[in-house]
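In this note's numbering, the protein residues as written are 660 to 1122. A virtual CB, placed ideally from N, CA and C, is assigned to each residue, including glycine. Everything numeric in this text was worked out from a predicted model, so none of it was measured. What follows is a short report on a single structure.
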């Protein structure tokens, strides 16, 4: 008998059902996810799709082979918020976006997310691509001009707008019938729009804003609308149709709906992506995250207090399509889980094959909660490490993790060992005041001491 590919089932927003995942070409599986708009530090809600779809990328690589899966996650670096923030700080837009993107990269690396340097091999086609919008203006202009020629877009008041009524099944992804949207559209709309539903593909730039030569014969320099960016970047790097498009649930409408409209009408294809995945919202301690409530938390804020692996595990404990409540109690529980697992695996390497009992729930629409429950039942260190590896966890040995924890805390190891020796000598001499002083000095350094049954003393970074 030949090898049978394990069946992956994913919930497809487009069809509203969980269905078998069938790529167009199993030797060239292609996936796209909407990435950050780089105007400010990413918040913990932004981390959820990054972690979830990194897990899917890992799973696809496991199933189809690392050389046969391509993942594109875009960067939006031209946007109204970017323009406003750069002006507010008195810096160039490029300086703002480069600095913000560098911070984003540092943050998501700490969350165990695969990056270009982890998966791309010199001399071979890249398997992780991070396209920036400003590097794809030519592709956007070409798509816009093609839409105008096809009668799906029009020029008005130095704008180019997509003609929504020209696409009869607009609204299919978000399950919003066109006639109902037209009936419920706002009365006050831009006077140059033919329909209140029409959306911007290109608009004139104001003085000081980024500007490029406009399409469709418009004399005034301008810049692209948000939606056309992802259509152009996905088409360039993954093709006119591809396998998976992913993002947060808040992007289904209008962003993803408009992407579908642009891409399908430009290329004349029945679909843009065959499977659409969307993750649920995140709230903090039972409330929606907002700056006014004082519970707006950036990824960097969380990483100051918790290792990235704890953050990743905490995110994966909830199924990706469900809302997640981000709590201190949950983080503490995740930290204890990792401590237990690292204690079990020690410095063992992973088994050659991941346990089927962990793989199977992941194949069922990324059921991470069930996969984690299975990990709790595994006692074999090598199997535990291999199973956790499917989720991007237990990537270090216990020794490496302990060393990293000490380094991150900035602890002087020589001083710790000297104080432990002083304490041991004081205890031997029954000089309890000296023993207490050494203990208090260690505590002040952020060190937890444990006296073992065999008479030795071990230490770790205190939480």
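Boundaries around residue 881 are those of the beta strand (DSSP E), 881-883, since no alpha helix (DSSP H) includes it.
In this structure, residue 976 keeps its C-beta atom at 9 Å or more from the C-beta atom of residue 1041.
Non-local C-beta neighbours of residue 798 in its own chain, meaning closer than 6 Å and more than five positions away in sequence, comprise 891 and 895, ordered along the chain.
The DSSP-derived three-state label of residue 793 is helix. When only Cα atoms are considered, residue 792 and residue 731 end up about 12 Å apart. Fewer than three beta-carbon pairs drawn from the stretch 922-935 and the stretch 862-875 are found closer than 8 Å, and the two stretches are therefore not classed as touching. Per DSSP, residue 1036 has no beta-bridge partner at all. In the displayed model, residue 974 falls within a helix according to three-state DSSP. Within the DSSP bridge table, the entry for residue 983 names 941 as partners. Counting every other CB atom within 10 Å of its CB across the protein chains shown gives residue 1110 a total below 16, marking it as exposed. Selection 817, 809 and 819 evaluated against residue 826 yields 809 as nearest (Cα-Cα). Residue 839 and residue 856 do not touch by the CB rule: their CB atoms are close to 11 Å apart, not below 8 Å. About 13 Å separates the Cβ atoms of residue 815 and residue 803, ruling out a contact at the 8 Å cut-off. In the three-state reduction of the DSSP assignment, residue 811 falls in the coil class, being assigned neither a helical nor a strand state. Check the Cα spacing between residue 699 and each of 719, 737 and 858: the tightest is with 737.
For residue 1004, the CB contacts under 7 Å within the same chain, skipping 5 residues up- and downstream, are 1040, 1043, 1044, 1053 and 1057 in chain order. For residue 962, the enclosing alpha helix (DSSP H) covers residues 958-964.
Taking the CA atoms as reference points, residue 1051 sits about 24 Å from residue 943. Residue state for residue 1012 is assigned as coil, using DSSP reduced to three classes. About 19 Å separates the Cβ atoms of residue 672 and residue 885, ruling out a contact at the 8 Å cut-off.
Cα atoms of residue 911 and residue 941: separation of roughly 16 Å, rounded to the nearest angstrom.
Boundaries of the beta strand (DSSP E) harbouring residue 691: 688-692, taken from the DSSP string. Secondary structure at residue 895: helix, using DSSP grouped into helix, strand and coil.
Counting C-beta atoms within 10 angstroms of its own C-beta, residue 770 has 16 or more neighbours from the protein chains shown and is therefore classed as buried. Where residue 872 is concerned, there is no enclosing beta strand (DSSP E), because DSSP gives it neither an H nor an E. The DSSP assignment places complete beta strand (DSSP E) segments of no fewer than 3 residues inside the stretch 725-763 at 728-732, in order along the chain. The Cβ neighbour count for residue 1072, taken over all protein chains shown within 10 Å, is under 16; the residue is labelled exposed. Taking C-alpha positions only, residue 714 is separated from residue 882 by approximately 34 Å.
Where residue 723 is concerned, the enclosing alpha helix (DSSP H) starts and stops at 703-723. The stretch 1006-1019 makes no contact with the stretch 961-979; the number of CB pairs closer than 8 Å stays below 3. By the C-beta density criterion, residue 1035 is exposed, having fewer than 16 other C-beta atoms within 10 angstroms.
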